[in-house]
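Worksheet: the structure to be examined is printed underneath.
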Amino acid sequence: HPALQQRSIETCSTNCTNTAPPFFGKTCAEADSATLTENCETLTFWITNKLCQQSCSDNGTPYDGDNCCSSGGPATNNPTSPSPTTSAPTTAEPTSAAPTNPPTASP
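In this note's numbering, the protein residues as written are 1065 to 1171.
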């Protein structure tokens, strides 16, 4: 029944938390996949307290019984991450700050 499959997608939880333990030293969104996999699957303290619940789910290692709605995954969930492009010249070429200074372009 396609209606049943559709229903399971609609019933994902938007109330999942993303709280890191105070000693973690970073936010859940800053954690790499290997760290999340290990902590979400094996550390009793994390599992009991559902720490980084949303990030664990986005990582593909949700806690038992969790059905968190996707937040777009760890890569897009981290606003401080640089975009996954390799071209950096866009930040070195201001379009409105110095439009009359082309000789200052760096190699």
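The C-beta atom is built at its ideal place from N, Cα and C for all residues, glycine as well. Treat the numbers as computed from the prediction; the structure is a model and nothing was measured.
Item to check | Environment of Lys1090 [buried if 16+ CB atoms lie within 10 Å] | outcome: exposed
Next on the checklist: Comparing C-alpha positions only, which one of Cys1133, Asn1131, Cys1116 and Cys1132 sits nearest to Glu1094?
Outcome noted: Cys1116
Checklist entry - What are the residues that DSSP puts in a beta bridge with Ser1077? => result Cys1132
Checklist entry - Any idea if Cys1076 is buried or exposed, counting beta-carbon neighbours within 10 angstroms, 16 or more meaning buried? => result By the neighbour-count rule (16 or more Cβ atoms within 10 Å), Cys1076 is not buried but exposed.
Item to check | Length of the line joining the Cα atoms of Leu1100 and Cys1133 | outcome: 17 Å
Checklist entry - Given Thr1078, which residues of its chain have a CB within under 6 Å of its CB, disregarding the five upstream and five downstream residues? => result Cys1133
Checklist entry - Between which two residues does the alpha helix (DSSP H) harbouring Leu1100 extend? => result Ser1097 to Thr1106
Checklist entry - So Cys1104 and Cys1120 are in contact, right, with Cβ under 8 Å, and what is the actual spacing, rounded? => result For a cut-off of 8 Å, the C-beta gap from Cys1104 to Cys1120 is around 4 Å, short enough to register as a contact.
Checklist entry - Helix, strand or coil: how does DSSP classify Thr1125 here? => result Of the three classes helix, strand and coil, the one that applies to Thr1125 here is coil, per DSSP.
Checklist entry - From this set, Phe1087, Ala1098 and Pro1085, which residue's C-alpha is nearest Asp1122's C-alpha? => result Ala1098
Checklist entry - So with Cβ pairs under 7 Å, would you call Thr1108 a contact of chain D? => result Absent here is chain D; the protein component of the structure consists of one chain.
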